[in-house]
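Undergrad: Attaching a single structure in structure tokens format; questions to follow.
Protein chains: 2
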Amino acid sequence: MRCSPQLAREPLDAERAAALAQVFKALGDPVRLRIVSIVASHDGGEVCVCDITGAFELSQPTISHHLKVLKEVGLLTSERRASWVYYRLVPEALGELSALLDVPVVA
Amino acid sequence: MRCSPQLAREPLDAERAAALAQVFKALGDPVRLRIVSIVASHDGGEVCVCDITGAFELSQPTISHHLKVLKEVGLLTSERRASWVYYRLVPEALGELSALLDVPVVA
DNA sequence: CTTTCGTATCGATGGTTATCGAAGTCGACT
DNA sequence: AGTCGACTTCGATAACCATCGATACGAAAG
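Chains as they are written, first to last, in the numbering used here: chain A, 1 to 107; chain B, 1001 to 1107.
Structural data, given as structure tokens:
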């Protein structure tokens, strides 16, 4: 777990910065941010793709693309059951980012 | 302060998601993430541009561009003193993001 | 006031990305 | 088997972005 490295503790090395930046970049799209928030706030913790598609005025392939991006960076996981695919949050991934950004107010 | 809206509390509306996504997008670049971490971890809280430029193998205009992006989304502020420009962190901005991503482990 | 040094802006360019329609896959039901 | 519905992958296109060299600006020094 690397001891929850805070951003203010010491400068990030290039390798770690590159990995983290990928996750932030995934969150750096309004649609993806809303998708994460939809999944995170859903009772039961998992959401069918159809539920997400219905929340946007975007084509279904576009939503699928965004889901793929979020899955690739480790923010979501997916599972197929019957005809439907369900996505759920990876809380540890968000937690790591939260800890990283948790800069002490008192310097 | 809008009661520190957690991502898991309720789905983000489009407007708020767009604003937040801009900040995450700013952090979604390895160079910018390292710049933020350099500024955040620097004693005294402020860093001269020359200190940042020296930490990368990038041209000075490129660093200046990244600093501008971080400043535009409210993560950094700058002040000119004599010939040098100093950048410092806006802790509240990082804090808001941290609170947003602070998803409770127990669903 | 011209030079010099630190930083910002400009214009161009190559690489990346969001989006779509079309086609492919995978289960389920008949 | 055949078909239908849910979802993903593919190929194309337009918009965006990181980076650079050249240039401009602002402050201090000579």
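C-beta atoms are modelled at their ideal positions from N, C-alpha and C, and glycine is treated no differently.
Note that the structure is predicted; figures quoted are calculated from it, not measured.
Could you round the C-beta distance between V103/A and A1040/B to whole angstroms and report it? I think they count as a contact, below 8 Å.
TA: 6 Å
Undergrad: Could you compute how far the alpha carbon of T1053/B sits from the alpha carbon of A14/A?
TA: 14 Å
Undergrad: Is it buried or exposed, L1058/B, if we count other Cβ atoms within 10 angstroms and call 16 or more buried?
TA: exposed
Undergrad: Is the Cβ of K1025/B closer than 7 Å to any Cβ of chain A?
TA: yes
Undergrad: Helix, strand or coil: which one does DSSP assign to S1078/B?
TA: strand
Undergrad: Just mark K68/A as buried or exposed, buried being the case when its beta carbon has 16 or more other beta carbons within 10 Å.
TA: In this structure K68/A is exposed. Its beta-carbon is surrounded by fewer than 16 other beta-carbon atoms within 10 angstroms.
Undergrad: Could you have a look at V85/A and say whether DSSP puts it in helix, strand or coil?
TA: It is a strand residue.
Undergrad: Return no unless some Cβ of chain B is closer than 7 Å to the Cβ of E10/A.
TA: yes
Undergrad: I need the straight-line Cα distance from L1007/B to I1063/B, nearest angstrom please.
TA: 32 Å
Undergrad: Looking at the unbroken alpha helix (DSSP H) that takes in E92/A, where does it start and where does it end?
TA: P91 to L101
Undergrad: By the DSSP assignment, the alpha helix (DSSP H) with E1072/B in it spans what residues?
TA: Q1060 to E1072
Undergrad: Helix, strand or coil for E1057/B per DSSP?
TA: coil
Undergrad: Secondary structure at R1002/B, three-state DSSP: helix, strand or coil?
TA: Note that R1002/B scores 48 on pLDDT, short of 50, meaning its location in the model is unreliable; the coordinates nonetheless yield the value given after this. Note: R1002/B maps to coil in three-state DSSP.
Undergrad: Excluding five sequence neighbours on each side, which residues of the same chain lie with their C-beta closer than 7 Å to the C-beta of A107/A?
TA: Because the pLDDT of A107/A is 49, which lies under 50, any placement of that residue in the model is unreliable, and the question is left without a value.
Undergrad: Which word fits R2/A, buried or exposed, when buried means at least 16 other C-beta atoms lie within 10 angstroms of its C-beta?
TA: At R2/A, the pLDDT of 49 sits below 50, so the modelled position is not reliable and the matter cannot be decided from this model.
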